[in-house]
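> In the numbering used here, the protein residues as written are 13 to 522. Before I ask anything, here is the structure I am working with.
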Amino acid sequence: MDKILVLDFGGQYDQLIARRVRDLNVYAQIRRYNKISIEEIREEGYKGIIFTGGPNSVYEKDSPSYDRKIFNLKIPVLGICYGAQLMAYLSDGEVSSAKDSSEYGSTKVRVREDLLFKDVPQESECWMSHTDFISKVPEGFHVTAYTDKCPCAAMSDPIRKLYAVQFHPEVTHTEYGTQIFSNFLFEVCKCAKEWTMDDFVETSIERYKKELGGKKVLLALSGGVDSSVAAVLLHKAIGNDLTCVFVDHGLLRKNEAEQVEELFKGKFGLNLIAVDAGERFLTKLEGVTEPEKKRKIIGEEFIRVFEQEARKLKDTEVLVQGTIYPDVIESGKDDSATIKSHHNVGGLPEDMMFSQIVEPLRDLFKDEVRKVGLELGIPYDMVYRQPFPGPGLAVRVLGEITKEKLAILKDADAIFTSELEKADLKEKASQYFAVLTDSRAVGVKGDARTYGYTVALRAVTTNDFMTARITRIPYELLERVSTRICNEVKDVSRVVYDITSKPPGTIEWE
Ligand code: XMP
């Protein structure tokens, strides 16, 4: 199968680029610039290479770089942003920094005739984010696009099939981004459209049959989309050698534990062990208020419970996790900052007894995971179910977690979600839930003064969960939810709606 190498020079766009390529049915692999040698690139037989952007300046000491012989491999290269500057720099062009040439955000770009811009109008919107720019194109290259501030918004050397764009075709704000990728893949690299999610399912099943054949494998089933898809995928590969352990940590939504058991044991016939560990988790979390600490404790406790189960199931050595890509980048890769440590990546204790960890969905975005789920025959409602964080309601009960607070949150959440679903807003909101804040507020019920909790409602609309906007819920609905929660849930005297996008907020409150 034809494949493209996304050579990652830092920043957070590498997966987005890979995803654009995959959306065009070409397989893309991401490798960090310092983790793949030029020999390996040659041996892998890539049809094209894409250099990603990155936060550095090419001329700084220790900036990510690559062997300039990469341009002699006769493999087409597309450089994006930092990648474009690196291409210029390594080919003896010039890159300069000038504050007055910096551009951030949506910018008008004008393109000249070039294979990369086939079917791209002369003038369109692109997304810029740079201070440095290519001030002199290298020999053999010519400028193929420019903006008001940037004299070289793109350059190409069509003979050597080297292309570079200063802007970001991978973000949706670049109007013709998809067209540009399509031109690179099909006009320049002559790739065949061979990658579909069918291949992912098929190749993963084959791969795990071979890799795990005969081994006893344990999977942490949370009931969320990711681990459910991982479970069914692995079940297809190794059948009953897979045991799923469902840990009810007592931090699940109302009635969730029962539903998960019914679905996976009943409908899918998975080998499922349900462990009721609510008390155990609550004891560990007693007095803990710091969000990262909560995550770490829950992550570690999860593993301990699994280990315990694994010991009972003799010879279990492999642990499968439903980690998906946004978990991976946000837990900090090599040198990018840690935003939150998602428990299924960051919290693993070092003394774990599993000799192998398998993460079949590690490279996929949420919508790709869903496609895989549907292909595996998992029902639509299950696959399009909103995500739920591993640490569960622990990150939605702010401050210390107690049984009482959990009960309040479960009831408030059930009212909010059911009202939203009744109002047919399910499609519009990608994730919606209630949060129990740690603030109390004065209220009045009947003639009595109350002093209860403040519940916050959160609903966001997003494709990839890396950025999100708030869902515009009609006031009438918010009012109804608020009235119901205040009337029906003991100890709540305020309901507020969270109107923060991501960024700057995250989706969860902790
Ligand atoms: P944030 O809050 O980082 O969340 O904007 C992005 C998406 O990830 C989910 N999330 C988690 N998922 N373990 C998970 O498996 C976690 O610790 C975790 N924290 C957040 C969150 O619900 C949203 O969909």
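Cβ coordinates follow ideal geometry from the N, Cα and C atoms, glycine included. Just so it is clear, the structure is predicted and the values come from calculations on it, not from any experiment.
So, helix, strand or coil for Ser114, using DSSP?
If DSSP states are grouped into helix, strand and coil, Ser114 belongs with coil.
> Kindly identify the DSSP beta-bridge partner or partners of Gln368.
DSSP output for Gln368 lists Val330 as bridge partner(s).
> Determine the extent of the alpha helix (DSSP H) in which Tyr45 is found, giving its start and end residues.
Unbroken run through Tyr45: none, as it is neither H nor E.
> Mind reading off the beta-carbon distance from Lys378 to Pro399? Whole number of angstroms is fine, and I expect it under 8 Å.
The pair is a contact, with the Cβ atoms about 7 Å apart (cut-off 8 Å).
> Any heavy atom of the ligand XMP closer than 7 Å to the beta-carbon of Gln333?
Incorrect: Gln333 has no Cβ contact closer than 7 Å to the ligand XMP.
> Would DSSP call Phe153 helix, strand or coil?
Coil at Phe153, not helix or strand.
> Thinking just about the alpha-carbon of each residue, which of Glu312, Ser505, Phe145 and Glu520 is nearest to the one in Ala480?
Ala480 has its Cα closest to that of Glu520, out of Glu312, Ser505, Phe145 and Glu520.
> Going along the chain, which unbroken runs of the beta strand (DSSP E) with 3 or more residues stay wholly within the segment 262-341?
As far as the segment 262-341 is concerned, its whole beta strand (DSSP E) runs of at least 3 residues are 284-288 and 328-332.
> Where does Gln191 sit, in a helix, a strand or coil, going by DSSP?
Gln191: helix per DSSP, three-state reduction.
> Is DSSP giving Leu437 helix, strand or coil here?
Three-state DSSP puts Leu437 in coil, outside helix and strand.
> How about Pro2: is its Cβ closer than 7 Å to a heavy atom in the ligand XMP?
The structure shown does not extend to residue 2, since the chain is modelled only from 13 through 522, so no value can be given for it.
> Assign Gln27 to buried or exposed, taking buried as 16 or more other Cβ atoms, counted over all protein chains shown, within 10 Å of its Cβ.
Flag for Gln27 reads buried.
> Among all the DSSP beta bridges, which residues are the ones paired with Phe445?
Partner(s): Arg470.
> To which residues of the same chain is Lys440 closer than 7 Å at the C-beta, ignoring the five residues directly before and after it?
The residues are Thr473 and Thr483.
> Would you call the segment 120-132 in contact with the segment 157-165, where contact means no fewer than 3 C-beta pairs closer than 8 Å?
Taking 8 Å as the limit for Cβ pairs, the verdict is that the segment 157-165 does touch the segment 120-132.
> Going by DSSP, name the residue or residues bridged to Lys457.
Partner(s): Ala460.
> Do you know whose CA, among Lys86, Tyr101 and Lys59, lies nearest Ser77's CA?
Ser77 has its Cα closest to that of Tyr101, out of Lys86, Tyr101 and Lys59.
> Just verifying my parser: in three-state terms, what is the DSSP assignment at Ile16?
Correct three-state label for Ile16: strand.
> Gly404 to Gly23, Cα distance in whole Å?
One C-alpha to the other measures close to 29 Å.
> Under 8 Å between the Cβ atoms of Tyr39 and Gly66?
It is not a contact, given that the beta carbons lie outside the stated cut-off.
> Compare the beta carbon distance of Leu448 and Leu421 with 8 Å and say whether it is the shorter of the two.
Result yes, Cβ atoms of Leu448 and Leu421 sit closer than 8 Å.
> How do the segment 182-197 and the segment 281-295 stand: do at least 3 beta-carbon pairs fall below 8 Å, yes or no?
With a cut-off of 8 Å, the segment 281-295 and the segment 182-197 do not count as touching, because too few Cβ pairs lie within range.
> Identify every residue that forms a DSSP beta bridge with Ala204.
Ala204 is not bridged to any residue.
> Nearer than 7 Å: is that true of the beta carbon of Phe477 relative to any heavy atom of the ligand XMP?
Yes, since a heavy atom of the ligand XMP falls inside the 7 Å radius drawn around the Cβ of Phe477.
> Name the DSSP bridge partner or partners of Ile482?
Answer by DSSP bridge pairing, in chain order: Val472.
> Scan the segment 55-86 and note each continuous beta strand (DSSP E) run of 3 residues or more that stays entirely inside, going in chain order.
You should have 60-63.
> Hey, would you say the C-beta of Thr518 is under 7 Å away from at least one heavy atom of the ligand XMP?
Thr518: yes, Cβ under 7 Å from the ligand XMP.
> Using only the heavy atoms of the ligand XMP, determine whether one of them is closer than 7 Å to the beta carbon of Gln27.
No, the beta carbon of Gln27 sits no closer than 7 Å to any heavy atom of the ligand XMP.
> Please determine, among Asp476, Ile61 and His261, the residue with the shortest C-alpha to C-alpha distance to Leu376.
Closest option to Leu376, Cα to Cα, is Asp476.
> Quick one, which of Asp327, Tyr116, Thr335 and Thr143 has its alpha-carbon nearest Val70's?
When each option's Cα is compared against that of Val70, the closest is Thr143.
> Could you give the residue range of the beta strand (DSSP E) that holds Thr255?
That run of the beta strand (DSSP E) goes Leu254 to Asp260.
> The ligand XMP heavy atoms versus the CB of Val237: any closer than 7 Å?
Flag unset: Cβ of Val237 not near the ligand XMP.
> Applying the criterion that 16 or more other CB atoms from any shown protein chain within 10 Å of the CB defines a buried residue, is Gly262 buried or exposed?
Gly262 is buried by the Cβ-count criterion.
> Following the continuous alpha helix (DSSP H) through Ile220, name the residue where it begins and the one where it ends.
Going by the sequence as given, residue 220 is Tyr instead of Ile. Run containing Tyr220: Met209 to Leu224, per the alpha helix (DSSP H) assignment.
> Just mark Gln368 as buried or exposed, buried being the case when its beta carbon has 16 or more other beta carbons within 10 Å.
With fewer than 16 Cβ atoms within 10 Å of its Cβ, Gln368 is classed as exposed.
> DSSP three-state call for Thr119: helix, strand or coil?
Thr119: strand per DSSP, three-state reduction.
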